[in-house]
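*Asks:* Numbering (this note's numbering), first residue to last: 4 to 202. Structure incoming, see below.
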């Protein structure tokens, strides 16, 4: 995954009043921290940040923060979103080591048409993402689940999902990701047919 750059500026004034002023000026209050860097209060351009996370990788995009002549390889975390305007109110940037795996949530994309759905079943995607451990430079945009062979009553668990090389599952391996539900009407129809056949 290619990383992108984002200019950051330090901020010395903190507090809700200053944060509101920054947002009016098109800036996002933020903080940069990591195992080998002191927590630093910063700001970033709201438009630039929004453009970055609108890409395929979303909030799993590696971002090189440029601050006071230094580059910091980061991942955006703990993002606060305004409940009505849906704008980013605050974001934490965590400095990462390219040689050390990070734990992230990766979206689950479904592929194919389930044979169970073709038979009248209903597909229920229980999990829209999976927690995985992976090197920062190898974070996948998504993991794909092929539902083609799932029949009525079948399910795909987290442990059944084929992950790319180097990606380690951290979610509960037994949790359901996709289930092909059998509608009540279909169950009743099947029971009636079975009873008639028995007679």
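Just so you know, even glycine gets a beta-carbon here, dropped at the ideal spot from N, CA and C.
Based on DSSP bridge pairs, tell me the residues matched to residue 160.
*Replies:* 179
*Asks:* Helix, strand or coil for residue 145 per DSSP?
*Replies:* coil
*Asks:* Beta-carbon separation of residue 185 and residue 129 under 8 Å?
*Replies:* no
*Asks:* Pick out whichever of 155, 141, 159 has its Cα sitting closest to the Cα of residue 149.
*Replies:* 159
*Asks:* Count the other C-beta atoms from every protein chain shown that fall within 10 angstroms of the C-beta of residue 23, then say buried if there are 16 or more, exposed otherwise.
*Replies:* exposed
*Asks:* If residue 75 and residue 68 are in contact, beta carbons under 8 Å, what's the gap, nearest whole angstrom?
*Replies:* Right, the Cβ-Cβ distance comes to about 4 Å (below 8 Å), so this counts as a contact.
*Asks:* By the DSSP assignment, the alpha helix (DSSP H) with residue 51 in it spans what residues?
*Replies:* 49-56
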